[in-house]
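Engineer: Protein chains in written order, with full-length UniProt numbering: chain A, 1 to 712; chain B, 1 to 556.
Note that the Cβ used here is the ideal one computed from N, Cα and C, for glycine as well.
First the structure, then my questions, so here it is.
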């Protein structure tokens, strides 16, 4: 493995007594994403409490296990059978489902620490990871916080202060207002001074929460209101700041690692430009955009910032990079980032292990010259969300079937859920981080396609269609990306994969072949039969396949498992095992290997196939049934234009209308909060509100919330 | 008997017999001769100056066009297919063998004896054919001929195939689309209904009988579907009622539409008369083909086994976490069913009626099984009148046709209250108890959570000859929930909370049942499929008989 060979250089420096390779081992080939190389004689913590949930809690526990450290999980009551709870040696329930009563409940977590005797706490990301109070309380109790010191969290956690420090450390910064904005009117005034567009963001914020872009005064006022609400609910701190919004930038961040002895390293960059609503979707390391000089300049500035705040532990310095490779300091995240695995892939380091060592007070093991860039790693964030609505609105549900593509080589999946898990409205809707690795970017991208095609997720709506489209888009493939990639590439919203004529034929042929395979199987009865079965002998089928209102007549012939499908004079050869129970359909279509997924197959000929990431609804009928279907009555779907339905589950935080009100088109009806995002629901047409029904505090299913408004 | 109004205006059209042959041209029939041969043999013996061959030809053509092109067009316009088109879709290609194509009605009153009022085959198409290669007897009422009304001849044709189906041992499928009795025939038509009813009753429990209502079915006619094992309907185009809206209005002054009175929605959600409804004719017939594969041909045959791609020993990890921690929280029993059965395929019977119990067909390692499960999502999964009757009828069908029954139990008890008591929950609840107790097919029971009180006994318990009874670790087999029990045991005493905790510790777990052998094992939920598949293999040779009796006396 490439990452390994050149990493050997710095490994030799270590006393690599025990060497555990982590991730999947298969067929004797070691597939290594990062290595936890540790010295058992090096004293470490006996027990660590992980103050987090989901995939990051699992990720931390994995390294702890390798290092021989006992682990304590904390969980809310709904998470009592979650994966991280099962993985940990001990688990403590810290409260009910809402995060402010459980994962943000410092008292309960402090009690859990006392109760279990944990010596250190790894906070993961989010929740209490950048909470200085928490770090202080831990320090007061003599418990180590696996992260930077309180002053660094405080300095970097405050966007205003961090900017001042960055300026002082000679780090490039964005022009803006270096102070707290008092109210919406002041925001408008400042915005006028800086010049539009401006970015309004929570001083305490991160992860895109409490962040709004405004292009005019009106949007500034609205943005101020939303951001301060979100900031208050997410961080308990509604202070906002404003800065110049750099249009069309790239988001590139530098991973730094610093110890308590004044040593700091930069572990290269991560390109995180593919975002929706300021949240990252696809990340890669390294970036296609940086040349070694820019990389070094950014790395050195990042390290000097880390040193300026006496930073210790792993941290990330985020930069905006414009088209001329000018880079501006954005913020420093004083925690382990979601996207840390891609850095681990290209450097071979286990960042969690490094954080634990640093928290123990050890010096860094590596020198800057030891840090390699080996190969290329891509990370796709697989979310339970509907990519057809604003590139992803959260969805919830139970994972009725779930299968990670782990039998593929060079694939790493960081997840904290399993088949049967519930994706609830209480927490982040992330299903997993799918990471693929290759010697080259091309190889890593190819692997990502394969991994996405082989990823089985049923029961919740997920964003694989979008991920699959991004990674094959010519602009992404060529590296021509920016933070506006999604709105630029899909100005009218994401619509799924657009089939070429050839792909369309492949899809139709597959559906037809699948239909015939199922038909043939339904004639196979086993055992002794009193009345013999007389199967309808046929080698030829004439079928009619509907796809997107297009109707195609197909001729199908079969020999064994091979089907030849004739569509409009063109022949498509489809062959495979035709295992009708399997979620995956590995096929060879015209000599090309393709993995499709059959999401639905009904007795009435409806077949839904996931092909190239997108699911397509088809209907296969015999020629006879198709010719008769013209007589079937058209069913008129219910008119829903006068009903406002929440597009996602969440809780209603504000209702701005009451029955009898007249509303204008686009007027706000209510605000739904889901996964810490506030979403304004607006009227689709001018109307009078006739009734407000089903306003529950929590909405579990979209149709449960409906506001009827009828036209005037 | 219901009314049928004749549209005489277009009858004369048949004389021409020049109708297009297109829509029916593909129907093969035995002994058909080529046109040229007919012409060669043409000899003019008859008064009509046509040879016998020509007359055969002519009659067959007439039979194939039913009530004629105009009527066929009208049928299509209503969104309905013709009797023959339906059979073509239902049966395997080229498998239909038609009986009684030359039968005509025998009525001579009201001008019915006239040639133009005679239709070869009359208002029903009958015969046998194959569905996925398996034998089935079918009749399909032809609405284009006298509105599908039932004449003596029509009934006789249906009786003929039913008699043969019983002798051969093959199911009967009826496609109903009939305005009612042939009023012109009077009592002969009524006699015809009774002949069919008798055969429905005689065939009950001998061969599966399925009715698919694809148009009106009113008056006495409704009792034939009601006597069959399964009644399916087509949404928006089918109706079942004793009397139509006009009579209802005149008798009770109640205003009601056909759809409200006896449409698919009414019967699948309110009355429980129909077992499933489908979108349209094509959808219904294709689904019926699929459904047919679950059924054995007769009570002499074992449950069918089809080729299965789903591994029999597949673990279902999701089941380990499906039952919520809090015993008051609901979950969806269908998630358990889908997870366990082959390929997540579950043909639910009455999915929208008495939803607190789930019943339907599925396969385990290819073999048909009947699934019964309490649904905690609806009314906590309690047993009430409707769910007891729904469950009982399903269990009895499975038992009659050698289909093993798998029961998933999460039942807090019978629903209390005046509505239930006045409605006779005692009598109706007894039906489910009766059905489980008398069943001699393999019975496997899995207690997923609550099994309280009498409802525990009812739900295929060990005491009712359950063959294999499992409990999940989350099972609570007890007389009642902790709170209620403590209020009785420690009435008026202090420290109820402590007593409640003690009760939970003692009874809210599978041990009290397991130590007594009332459950055979406490199993890891994820292994449930594997265990059931293995048990079914063993139980395939189960032989159990009830004492001889003329027939049992279920509390109806």
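Using beta-carbon positions only, say whether residue 79 of chain B and residue 72 of chain B come within less than 8 Å of one another.
Structural biologist: Not in contact: residue 79 of chain B and residue 72 of chain B (Cβ atoms no closer than 8 Å).
Engineer: Under 9 Å Cβ-Cβ, which residues of chain B neighbour residue 539 of chain A?
Structural biologist: Near residue 539 of chain A there are no residues of chain B at all, since even the closest Cβ is about 13 Å away, more than 9 Å.
Engineer: Is the CB-CB distance between residue 449 of chain A and residue 472 of chain A below 8 Å?
Structural biologist: Contact: yes.
Engineer: Are three or more beta carbon pairs between the segment 226-244 of chain A and the segment 278-287 of chain A nearer than 8 Å?
Structural biologist: No: the two stretches stay apart, fewer than three of their Cβ pairs being nearer than 8 Å.
Engineer: Could you tell me whether any Cβ in chain A is nearer than 8 Å to the Cβ of residue 558 of chain B?
Structural biologist: With chain B covering only 1 through 556, there is no way to say anything about residue 558 of chain B.
Engineer: Cβ closer than 9 Å: which chain A residues qualify as neighbours of residue 294 of chain B?
Structural biologist: Simply none; closest approach about 11 Å.
Engineer: Would you say residue 180 of chain A and residue 116 of chain A are within 8 Å of each other, going by their C-beta atoms?
Structural biologist: No, these two residues do not count as a Cβ contact at 8 Å.
Engineer: Should residue 157 of chain B go down as buried or exposed, given a rule of 16 or more other Cβ atoms within 10 Å for buried?
Structural biologist: Looking at its Cβ environment, which holds 16 or more other Cβ atoms inside 10 Å, residue 157 of chain B is buried.
Engineer: May I ask you to report which of helix, strand or coil DSSP gives residue 254 of chain A?
Structural biologist: DSSP places residue 254 of chain A in strand when its eight states are reduced to three.
Engineer: Could you work out which residue in A/423, A/670, A/537, A/202 is closest to residue 78 of chain A when comparing CA atoms only?
Structural biologist: It is A/423.
Engineer: Could you list the residues in the segment 291-319 of chain B with a C-beta less than 9 Å from some C-beta on chain A, going in chain order?
Structural biologist: Flagged, chain order: 291, 293, 297, 298, 300, 301, 302, 304, 305, 306, 307, 308, 309, 310, 311, 314, 316, 317, 318, 319.
Engineer: Count the other CB atoms within 10 Å of the CB of residue 425 of chain B; is the residue buried (16 or more) or exposed (fewer)?
Structural biologist: Buried: at least 16 other Cβ atoms inside 10 Å.
Engineer: To test your reading of the DSSP string, which unbroken alpha helix (DSSP H) runs of 4 or more residues are found completely within the segment 440-480 of chain B?
Structural biologist: You should have 453-458.
Engineer: Check whether the Cβ of residue 541 of chain A sits closer than 7 Å to any heavy atom of the ligand COA, and report yes or no.
Structural biologist: Annotation note on the ligand COA: not contained in the displayed structure, which lists no ligands.
Engineer: Select from the segment 536-569 of chain A all residues with a C-beta closer than 9 Å to any C-beta belonging to chain B, and list them in chain order.
Structural biologist: Listed in sequence order: 536, 538.
Engineer: Using a cut-off of 7 Å between C-beta atoms, extract the partners of residue 560 of chain B located in chain A.
Structural biologist: Coverage of chain B is limited to positions 1 through 556, which leaves residue 560 of chain B absent and any answer about it impossible.
Engineer: At what residues does the alpha helix (DSSP H) containing residue 337 of chain A begin and finish?
Structural biologist: No alpha helix (DSSP H) contains residue 337 of chain A, which DSSP labels as neither H nor E.
Engineer: Three-state secondary structure (DSSP) at residue 148 of chain B?
Structural biologist: Of the three classes helix, strand and coil, the one that applies to residue 148 of chain B here is helix, per DSSP.
Engineer: Quickly, what does DSSP pair residue 403 of chain A with across the bridge? List them, please.
Structural biologist: Answer by DSSP bridge pairing, in chain order: A/456.
Engineer: For chain B, find out if any of its Cβ atoms is closer than 8 Å to the Cβ of residue 421 of chain A; answer yes or no.
Structural biologist: Output row for residue 421 of chain A: interface = yes.
Engineer: Which residues bound the beta strand (DSSP E) around residue 558 of chain B?
Structural biologist: This structure does not reach residue 558 of chain B, given that chain B is present from 1 up to 556, and the question cannot be answered.
Engineer: What residues from chain A crowd round residue 287 of chain B, counting only those whose CB sits closer than 7 Å?
Structural biologist: Simply 603, 604.
Engineer: Could you spell out the range, first to last residue, of the alpha helix (DSSP H) harbouring residue 537 of chain B?
Structural biologist: Here the alpha helix (DSSP H) through residue 537 of chain B covers 528-539.
Engineer: Would you identify the three-state DSSP class for residue 345 of chain B, choosing helix, strand or coil?
Structural biologist: It is coil, neither helix nor strand.
Engineer: Can you give me, in chain order, the residues of the segment 68-87 of chain A that have a beta carbon less than 9 Å from any beta carbon in chain B?
Structural biologist: Cβ contacts with chain B: 77, 78, 80, 81, 82.
Engineer: Using CA atoms only, rank isn't needed, just tell me which of B/244, B/422, B/324, B/178 is closest to residue 75 of chain B.
Structural biologist: When only C-alpha atoms are compared, the closest one is B/178.
Engineer: Does residue 345 of chain A come out as helix, strand or coil in the three-state DSSP assignment?
Structural biologist: In the structure shown, residue 345 of chain A sits in a helix (DSSP, three-state: H, G or I).
Engineer: Check whether the Cβ atoms of residue 304 of chain A and residue 382 of chain A lie closer than 8 Å to each other.
Structural biologist: For residue 304 of chain A and residue 382 of chain A, no; Cβs fall outside 8 Å.
Engineer: Please list, in chain order, the chain B residues whose beta carbon lies closer than 7 Å to that of residue 523 of chain A.
Structural biologist: Those within 7 Å of residue 523 of chain A in chain B are 132, 133.
Engineer: So the candidates are A/601, A/672, A/96, A/688; which of them puts its Cα closest to the Cα of residue 326 of chain B?
Structural biologist: Of the listed residues, the one whose Cα sits closest to residue 326 of chain B is A/96.
Engineer: CB-CB under 6 Å to residue 43 of chain B, same chain, minus the five flanking residues each way: which ones, in chain order?
Structural biologist: Because residue 43 of chain B carries a pLDDT of 48, less than 50, the predicted location of this residue cannot be relied on, and no value is offered for it.
Engineer: On the DSSP letters alone, give me the boundaries of the alpha helix (DSSP H) that residue 368 of chain B sits inside.
Structural biologist: Premise fails: residue 368 of chain B lies in the beta strand (DSSP E), 367-374, not in any alpha helix (DSSP H).
Engineer: Just to confirm, are residue 174 of chain A and residue 187 of chain A a CB contact at a threshold of 8 Å?
Structural biologist: No.
Engineer: Measuring alpha carbon to alpha carbon, tell me which of B/404, B/385, B/395 ends up nearest residue 417 of chain B.
Structural biologist: That would be B/385, whose Cα lies nearest to the Cα of residue 417 of chain B.
Engineer: Against chain B, with Cβ distances strictly below 8 Å, would residue 404 of chain A count as a contact?
Structural biologist: Answer no: the Cβ-Cβ gap between residue 404 of chain A and chain B never drops below 8 Å.
Engineer: If residue 136 of chain B and residue 169 of chain B are in contact, beta carbons under 8 Å, what's the gap, nearest whole angstrom?
Structural biologist: 11 Å between Cβ atoms; not a contact.
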